[in-house]
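Quick note: the sequence shown uses this note's numbering, first residue 1484, plus one each step. These notes concern the structure reproduced below.
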Amino acid sequence: MTTTLFPIGQLLVAPGVMEEFPHDVIISCLNRHENGDWGDLTEDDKQANNDALESGARIFSSYNIRGDKLWIITDAERETTTIMLPSEY
């Protein structure tokens, strides 16, 4: 069993993500997210995620895949993680 930095809770994947990206790409991004690789964010946003690990705020990652963005958001309560396209926000 792999140890992650935080629980992801229930996983929700928006329809556009399922249409746009292969399953292995989605899983790879999710693994990066739950292990603290926040992707293509500013240093300030990365630090906000690191702080959120302690404070319990929401955690946001963004990954540029073949010119498209994939967002992953884990809510503050760690009950739900949603994978979506920016247009599905």
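Glycine residues also receive a C-beta, built at the ideal position from the N, C-alpha and C atoms. These numbers were taken from a predicted model, which means no experiment stands behind them.
Check: Taking just the CA atoms, how far does Phe1489 sit from Glu1537?; Outcome: 10 Å
Check: Going by Cα to Cα distance, which pick from Asn1532, Gln1493, Thr1525, Tyr1572 is closest to Leu1553?; Outcome: Tyr1572
Check: Exposed or buried, which one is Asn1532 when buried takes at least 16 other CB atoms within 10 Å?; Outcome: buried
Check: Who are Trp1554's beta bridge partners in DSSP?; Outcome: Ser1545, Met1567
Check: What are the uninterrupted segments assigned as alpha helix (DSSP H) that are 4 or more residues long and contained completely in the segment 1487-1545, given in chain order?; Outcome: 1498-1503, 1506-1517, 1526-1538
Check: Can you find the residues in the same chain that come closer than 7 Å, C-beta to C-beta, to Gly1539, ignoring five residues on each side of it along the sequence?; Outcome: Ala1559
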